[in-house]
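Asker: Take 1 as the starting number for the sequence shown in full-length UniProt numbering and just add one per residue.
Using N, Cα and C, we set each Cβ at its ideal position, and we do this for glycine too.
Owing to the predicted nature of the structure, the values given are computational and were not obtained by experimental measurement.
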Amino acid sequence: MSLLHSWGLDTSLDHICEHTLGLLKPRVPVSYGLISKSGYMSLFMPTWHPVREADMPNINLPPDLAAELPPEMVRLEHRTQVFTARGHWEVSPALTTHHLLALVSVANTLQDMNAATLIPEQERRRKNHIQSSKGSSQTGQQQEDEFSRQQSVIKQGWSTLTALHTVLLPDCVLAAGAPAYQPPMVEILARRWQDRCQEVREAAQALLKTELSRMGPAGRQKLIELWSPNLPSHTEPLPAHTTSQPHHHEPPPRPDHPKTTLTNATSNATTNGTPSNPSTGGGSGSGGGGGGGGQGGTERGIEAHPHLDDEHYDEEMDGETCRELVAQSEGRRKQATAIILLGVIGAYHGQDSAEGFGLGNLAMMTSKALAYRVLAPPNNKLPASAPLRRAAIDLIGRGFPVWEPYLEVAKVLLALLDYCADTDRLAPSMKYGLPLIPEADSCRTASNALTLIAEARPPAFITTMAREVARFNALQQNAQSLQLNIHANVLYRAKTEILRVMEYLILHKRSFIMDLMVEVMDIVLHCLDPGHLKSRGLSEVFPSICSFPQVSHCPHTRRIATGAKTGTIAMYELRLNKCQMIPAHSSMVTALSFSPDGKYLASYSMAENKLSFWQTSSGMFGLGSSQTKCTKTFSTVPVPDIVRLNPQRLPKLVWVSNKSVIHMMADGTEHRFNA
1 MSLLHSWGLD TSLDHICEHT LGLLKPRVPV SYGLISKSGY MSLFMPTWHP
51 VREADMPNIN LPPDLAAELP PEMVRLEHRT QVFTARGHWE VSPALTTHHL
101 LALVSVANTL QDMNAATLIP EQERRRKNHI QSSKGSSQTG QQQEDEFSRQ
151 QSVIKQGWST LTALHTVLLP DCVLAAGAPA YQPPMVEILA RRWQDRCQEV
201 REAAQALLKT ELSRMGPAGR QKLIELWSPN LPSHTEPLPA HTTSQPHHHE
251 PPPRPDHPKT TLTNATSNAT TNGTPSNPST GGGSGSGGGG GGGGQGGTER
301 GIEAHPHLDD EHYDEEMDGE TCRELVAQSE GRRKQATAII LLGVIGAYHG
351 QDSAEGFGLG NLAMMTSKAL AYRVLAPPNN KLPASAPLRR AAIDLIGRGF
401 PVWEPYLEVA KVLLALLDYC ADTDRLAPSM KYGLPLIPEA DSCRTASNAL
451 TLIAEARPPA FITTMAREVA RFNALQQNAQ SLQLNIHANV LYRAKTEILR
501 VMEYLILHKR SFIMDLMVEV MDIVLHCLDP GHLKSRGLSE VFPSICSFPQ
551 VSHCPHTRRI ATGAKTGTIA MYELRLNKCQ MIPAHSSMVT ALSFSPDGKY
601 LASYSMAENK LSFWQTSSGM FGLGSSQTKC TKTFSTVPVP DIVRLNPQRL
651 PKLVWVSNKS VIHMMADGTE HRFNA
């Protein structure tokens, strides 16, 4: 961290780094190097070219110290200050990329730790704090407060260091007098979008998003024009993701659309990668990558060599075979990079039609490429937990509003649920500090993507899931005759994940839930265990759904009533596993409530200013179909507009006896009605 930090760009931050974080300021210029994928090293000598005296800033050295040092030492100190402040970031785009990745990822890691400082005195204070925390005296409390204050200062220091190198670095380098700033290579950052290391992944994502925003619409358009020829085209329908044990078999790959994956060199932290533009490579030396050559459509039909791995180079291989293998590997690398890079641009800047991501061809091609990586069956070129597949899952969630017009939403949602079906086994906690296995990482990524999709388009998510649940229920009734294993269906295996997303929507998107209350109840009842509702109420099993006044559960008769926006009441008979739709009102049902004995149901519509009582009668001995009829109807006092427009202040129905209900307003006004 001491060697990578940009000393001299921010004096106050330098003071914090030295006296709070414990970093050491370099006294001589540092030589940096990069190792290419062929094992060659490129070494950058920081003082190989002299800096003109006119371009040299004033030396930041105490006069008394400068008077005691020899002139050559003063010049060396001066050049060290210039190089660490600005020359460090003028050398090479590849060097800038790897150094920023390392610096930001380590700084974020240290920020999340306690006592993350390299000063010995701070370490002694931490040990003293641990010993004093065992006591409960007033002095111990004061030391606790002082320790907490020191920790906040340390964390703020790492946060400021991260902000400088993530957001402010280009402007600060140019302000320091640098003729040119070498920006990070977006293709390398794109390949790290789903890096195996969580800290490197988060750093790459933050740097890539910042760089795309910094280059502006014109720069993003040039980037699109550069990488769009490498984007694969999928003209036939998307594959249907299998819903029964999809990750345990490997069907043969389809020859007309080869699936791509990130090569092993992508996950190597020291690999420079092969940029598509040779001029951006700096002096990093990318041996073994020069045979990529093919641009445009030639890379869309590339097939893997039948007997060789992606990164295996045999010394006995003839030149033609080696060149063929290099071209295949480089073509797949460019194709995967184009998918991720254009996916990121579309997800974060796709709403601007000038980017080419309006209702145009590029948005459709990118969405098809992402969806194909999500839905394609696992094989040896694109395993179920491949980084490219995981990146496609992540980007579909982040940019769902842009991709939605071109996707088959039901297929995508079922595929994402399939990855989340083993959440309880693979990743019971989504905030693990340790690296997850690839399967658990894909599970976590798919879970986050589902949350983003549901948050961005709640109606699309709810209606699609309700339609799939209805299809599953129809399939379940005929499962025995069709000889189907219902327990292998994704809607059965992913009940926990569906319920988690529904609870998230209930807490954060209440207005959409109220508009689709019946569909939401269909999904919730599908996910809940029927046995739990026999002994406990709905408010205990799934309390968040009971926060809506349109929902009421009667444990005696085992019925659940739900009011719809259209004015109908959905009466769920849990004993018979049936649902009866009752046309109750001509506008939205505002509140429902069962009587304590379950004989009556009171319904209220605020738009109609009408309250009705309903009674359900069944056949003899409880057999036959039940019938629900309206017994009484009353007119209610009109509700002020200020209450109508506030979903949190809707009227409620409260039963005070088996035949008396109170219509309670948010301001405490009550009106009694008898059934």
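1) Hey, how far is the Cα of Leu-103 from the Cα of Ile-506?
2) Hey, out of Pro-405, Lys-209, Ala-446, whose CA is closest to Arg-192's CA?
3) Taking the alpha-carbon of Lys-610 as reference, which of Gln-627, Gly-399, Glu-202, Pro-638 has the nearest alpha-carbon?
4) According to DSSP, is Cys-197 helix, strand or coil?
5) Is the beta carbon of Ala-584 less than 8 Å from the beta carbon of Ile-560?
6) What first and last residue would you give for the alpha helix (DSSP H) that runs through Tyr-492?
7) In chain order, what residues of the same chain lie with their CB nearer than 7 Å to the CB of Leu-174, ignoring the 5 residues before and after it?
8) Assuming Ile-340 contacts Ala-440 under a Cβ cut-off of 8 Å, what Cβ separation, rounded to an integer in Å, is found between them?
9) One question on the structure: do Ala-204 and Leu-101 come within less than 8 Å of each other, judged by their Cβ atoms?
10) Per DSSP, which one or two residues make a beta bridge with Cys-554?
11) Which residue spans inside the segment 150–224 form an unbroken alpha helix (DSSP H) run of at least 4?
12) Is it buried or exposed, Thr-633, if we count other Cβ atoms within 10 angstroms and call 16 or more buried?
13) Between the Cα of Leu-3 and the Cα atoms of Glu-72, Ala-564, Trp-89, Leu-653, which residue gives the shortest distance?
14) Which first and last residues belong to the alpha helix (DSSP H) in which Gly-33 is found?
15) As a quick exercise: from Asp-667, Leu-650, Arg-672, pick the residue whose alpha carbon is nearest that of Val-656.
16) What number of angstroms, rounded off, separates the C-alpha of Ser-539 from the C-alpha of Ala-607?
17) Would you list the residues sitting across from residue 719 in a DSSP beta bridge?
18) With a threshold of 8 Å, are at least 3 pairs of Cβ atoms found where one atom belongs to the segment 658–675 and the other to the segment 590–603?
19) Restricting to Cα atoms, I'd like to know which of Ile-582, Asn-646, Thr-590 is closest to Lys-615.
20) Using C-beta distances below 7 Å, list every residue in its chain close to Arg-398, excluding the 5 sequence neighbours before and after it, in chain order.
21) Under three-state DSSP, which class holds Val-661?
22) Would you mind working out which of Glu-225, Thr-566, Lys-155 sits nearest Met-588, comparing C-alpha positions?
23) Starting from Lys-610, follow its DSSP beta bridges and name the residues at the other end.
24) Do we get a CB-CB distance below 8 Å when we pair Pro-71 with the residues of chain C?
25) Can you give the Cα-Cα distance for Ala-460 and Arg-471, rounded to whole angstroms?
26) Report the option in Pro-549, Ser-31, Ser-367 whose CA atom is closest to the CA atom of Ser-92.
27) Might you give, ordered along the chain, the residues of its own chain that have their beta carbon closer than 8 Å to the beta carbon of Gln-151, omitting 5 neighbours on each side?
28) Is Gly-39 buried or exposed, if buried means 16 or more other CB atoms sit within 10 Å of its CB?
29) Who are the near neighbours of residue 681 in its chain, counting only those whose CB is closer than 8 Å to its CB and skipping five residues on each side?
30) Between the Cα of Val-153 and those of Gly-22, Val-82, Leu-395, Asn-448, spot the shortest distance and give me the residue it belongs to.
31) How would you write the range of the beta strand (DSSP E) that Pro-583 sits in, first residue to last?
32) Let's test the definition: count the other Cβ atoms within 10 Å of the Cβ of Glu-311 and tell me whether it reaches 16, buried, or not, exposed.
33) Measuring straight from C-alpha to C-alpha, what distance separates Lys-629 and Ala-564?
34) Sort out for me which residues DSSP pairs residue 697 with in a bridge.
35) Along the chain, where does the beta strand (DSSP E) containing Leu-592 start, and where does it finish?
Answerer: Per the coordinate set shown:
1) 40 Å
2) Lys-209
3) Pro-638
4) coil
5) Not in contact: Ala-584 and Ile-560 (Cβ atoms no closer than 8 Å).
6) 490–493
7) Tyr-181
8) Actually they do not touch by this definition, with Cβ atoms about 21 Å apart.
9) yes
10) Arg-559
11) 169–175, 186–191
12) exposed
13) Trp-89
14) Where Gly-33 is concerned, there is no enclosing alpha helix (DSSP H), although the beta strand (DSSP E) it sits in stretches over 32–35.
15) Arg-672
16) 27 Å
17) Nothing can be reported for residue 719: it is not among the residues displayed for the chain, which extend from 1 to 675.
18) yes
19) Here the sequence assigns Gln to residue 615, which means Lys is not the residue at that position. Ranking the options by Cα distance to Gln-615, first place goes to Ile-582.
20) Shown here for Arg-398: same chain residues with a beta carbon closer than 7 Å to its own, the five before and five after excluded, namely Ala-347, Leu-452 in chain order.
21) strand
22) Among Glu-225, Thr-566, Lys-155, the Cα nearest to that of Met-588 is on Thr-566.
23) Ser-605, Ser-635
24) Note that chain C does not occur in the displayed structure, where there is just one protein chain.
25) For Ala-460 and Arg-471, the distance between alpha carbons rounds to 17 Å.
26) Ser-31
27) Asn-114, Ala-115
28) exposed
29) Only positions 1 to 675 of the chain appear in the structure, and residue 681 is not among them; the question remains open.
30) Ranked by how close their Cα comes to the Cα of Val-153, the residues Gly-22, Val-82, Leu-395, Asn-448 have Gly-22 in first place.
31) Unbroken beta strand (DSSP E) run through Pro-583: 578–583.
32) Reliability fails at Glu-311, whose pLDDT of 38 lies under 50, so the model's placement of it is uncertain and the value that follows must be treated cautiously. With fewer than 16 Cβ atoms within 10 Å of its Cβ, Glu-311 is classed as exposed.
33) 18 Å
34) Missing from the structure shown is residue 697; the chain here goes from 1 to 675 and no further.
35) Following the DSSP letters along the chain, one finds Leu-592 inside the beta strand (DSSP E) bounded by residues 591–594.
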